[in-house]
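Visitor: Have a look at the structure that comes next, please.
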Amino acid sequence: MGGNNSISPLVGQYGQVIIDECHHIPAPRFEIVLNEVRSKYVLGLTATPERQDGHQKIQFMLAGPIRHRVRGENKSEFEQLAIVNRLYQKPPPFSEQPRISEVYHWLMENARRNLRIVDDVAASIQAKRHPLVLTERREHAERLARMLTERGFHAVMLRGAMRVRERKIANEQLPEATVIVATGKYIGEGFDLPRLDTLFLALPISWKGSLVQYAGRIHRESAGKTRVTVYDYVDCALPMLEKMYQKRERGYRAMGYGIREKGDPGKLFP
20 MGGNNSISPL VGQYGQVIID ECHHIPAPRF EIVLNEVRSK YVLGLTATPE
70 RQDGHQKIQF MLAGPIRHRV RGENKSEFEQ LAIVNRLYQK PPPFSEQPRI
120 SEVYHWLMEN ARRNLRIVDD VAASIQAKRH PLVLTERREH AERLARMLTE
170 RGFHAVMLRG AMRVRERKIA NEQLPEATVI VATGKYIGEG FDLPRLDTLF
220 LALPISWKGS LVQYAGRIHR ESAGKTRVTV YDYVDCALPM LEKMYQKRER
270 GYRAMGYGIR EKGDPGKLFP
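Note that my numbering gives residue 38 to position 19 of the sequence shown, counting from 1, and the numbers run on in steps of one.
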């Protein structure tokens, strides 16, 4: 595609088009290009055919219906466990329907909650695990990475808006890092570090597509890897966060995860 959105006539001359990560098809530029395709065969590949915005109908219109699914039970060589930590702490006086940005801010600023996550990460490192800590906010990633570094761990942070040199340095340090701290958007597609086996969801998500994509980062085959674990933190005092977890729970079960719950009502830290 040219700078003026012009499409090369070559696009209409291919007999087959293969689209990796085809859930991006509804994006305007993808759609413009595919509208010019005259191929007899169009093959789309994706782990997340459902879109959070509901626009998956566009990709089915342009690439056709789902013809085949690779079932999880056929490809997973790992024991899969989700450890669900139920946390209880009275939230600030939100409105009846708080915005997710307000809720994220409360969770990010919750020192005891952050300490709990860092303690769990530290314990996993001491148990010879290879953790990936994911959050939805850059500021939260910076805070958690700093807390882990202060404990003497080699933490590498990956986040959006990194300069080219920063990204290069971070990527060079990945093989030696004891823990990776990243934002979910950065770590989404294309990231591959097979030794990772433990995922910490430091902020809640609800969409199954994101959960599948994030969990996929620890599902890569690696020598000696027999078990993958997700640590989930559910702030039960806020109903909207409990509902978000219920969606994640269905996602875990769909991926074949066993679920172990920890936490007693009335206690922030069991």
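We put the CB at the ideal spot given by N, CA and C, even for glycine.
1) State buried or exposed for LEU29, treating a residue as buried only when at least 16 other CB atoms are found within 10 Å of its CB.
2) Classify GLU115 as helix, strand or coil using the three-state DSSP reduction.
3) Are three or more beta carbon pairs between the stretch 176-185 and the stretch 245-264 nearer than 8 Å?
4) Using DSSP with H/G/I as helix, E/B as strand and the rest coil, what is ASN104?
5) Quick one: Cα of MET274 to Cα of VAL231, how far?
6) Is the stretch 106-125 close to the stretch 75-90, with three or more CB pairs under 8 Å?
7) Measuring straight from C-alpha to C-alpha, what distance separates VAL140 and GLN265?
8) DSSP three-state label for TYR233, please.
9) Between TYR276 and ASN129, what straight-line distance do the alpha-carbon atoms span, to the nearest angstrom?
10) Within 10 angstroms of its Cβ, does ASN190 collect 16 or more other Cβ (buried), or is it exposed?
11) Can you tell me whether ASP72 is helix, strand or coil according to DSSP?
12) Taking TYR233 as the reference, give the member of THR248, LYS244, ALA242 and SER241 with the closest Cα.
13) Could you please give the first and the last residue of the uninterrupted beta strand (DSSP E) stretch that includes MET263?
14) Going by beta carbon distance, what residues of the same chain come within less than 6 Å of SER225, once the five residues before and after it are set aside?
15) Since HIS87 and ARG70 should fall inside the 8 Å C-beta cutoff, what is the C-beta to C-beta distance between them, to a whole number of angstroms?
16) For the beta strand (DSSP E) that contains TYR312, what are its first and last residues?
17) Can you give me the Cβ contacts of GLU158 inside the same chain, cut-off strictly under 7 Å, excluding the 5 residues immediately before and after it?
18) Just to check my reading of the structure: LEU134 and ARG279 have Cβ atoms closer than 8 Å, yes? What is that Cβ distance to the nearest angstrom?
19) Who are the Cβ neighbours of GLN32 in its own chain at under 8 Å, not counting the five residues just before and after it?
20) Comparing alpha-carbon positions, which option in LEU151, ILE44 and ALA242 lies nearest ALA201?
21) ASP216 and HIS173 - do their beta-carbons sit closer together than 8 Å?
22) Does DSSP put LEU222 in a helix, in a strand, or in coil?
23) Got a sec? Which residues, its chain only, sit under 7 Å from PRO110 by beta carbon, not counting five neighbours each side?
24) Which residues in the same chain as ASN93 place their Cβ atom closer than 8 Å to its Cβ, once the five residues preceding and following it in sequence are excluded?
Guide: Taking the definition as stated:
1) Answer is exposed; the Cβ neighbour count stays below 16.
2) Of the three classes helix, strand and coil, the one that applies to GLU115 here is coil, per DSSP.
3) Pairwise C-beta distances place the stretch 176-185 out of contact with the stretch 245-264, as fewer than three of them are shorter than 8 Å.
4) When secondary structure is reduced to three states using DSSP, ASN104 falls in the strand class.
5) Whole-angstrom Cα-Cα distance: 8 Å.
6) The stretch 106-125 makes no contact with the stretch 75-90; the number of CB pairs closer than 8 Å stays below 3.
7) When only Cα atoms are considered, VAL140 and GLN265 end up about 24 Å apart.
8) If DSSP states are grouped into helix, strand and coil, TYR233 belongs with the helices.
9) The alpha-carbon separation between TYR276 and ASN129 amounts to approximately 28 Å.
10) Residue environment for ASN190: exposed (fewer than 16 other C-beta atoms within 10 angstroms of its C-beta).
11) Coil at ASP72, not helix or strand.
12) It is THR248 whose Cα lies nearest to the Cα of TYR233.
13) Taken as a continuous stretch (DSSP letters only), MET263 belongs to no beta strand (DSSP E), being part of the alpha helix (DSSP H) at 258-273.
14) Residues of the same chain with a CB within less than 6 Å of the CB of SER225, apart from the 5 flanking positions on each side, are MET263 and LYS266 in chain order.
15) Incorrect: roughly 19 Å between the Cβ atoms, too far for contact.
16) In the structure as shown, the chain starts at 20 and stops at 289, and residue 312 therefore has no counterpart that could be examined.
17) Hits under 7 Å: MET127.
18) About 21 Å; that fails the 8 Å criterion.
19) Excluding residues up to 5 positions away in sequence, ARG57 lie with their Cβ nearer than 8 Å to the Cβ of GLN32 in the same chain.
20) Residue LEU151 holds the alpha-carbon nearest to the alpha-carbon of ALA201 among LEU151, ILE44 and ALA242.
21) Not a contact, by the Cβ cut-off of 8 Å.
22) Residue state, collapsed to three classes: coil.
23) Excluding its 5 nearest sequence neighbours in each direction, PRO110 has C-beta neighbours in its own chain below 7 Å: TRP125, ALA256 and LEU257, listed in chain order.
24) Bear in mind that the predicted position of ASN93 carries a pLDDT of just 43, short of 50, making it unreliable; the figure below should be weighed with that in mind. Excluding residues within five positions, none has a Cβ falling inside 8 Å.
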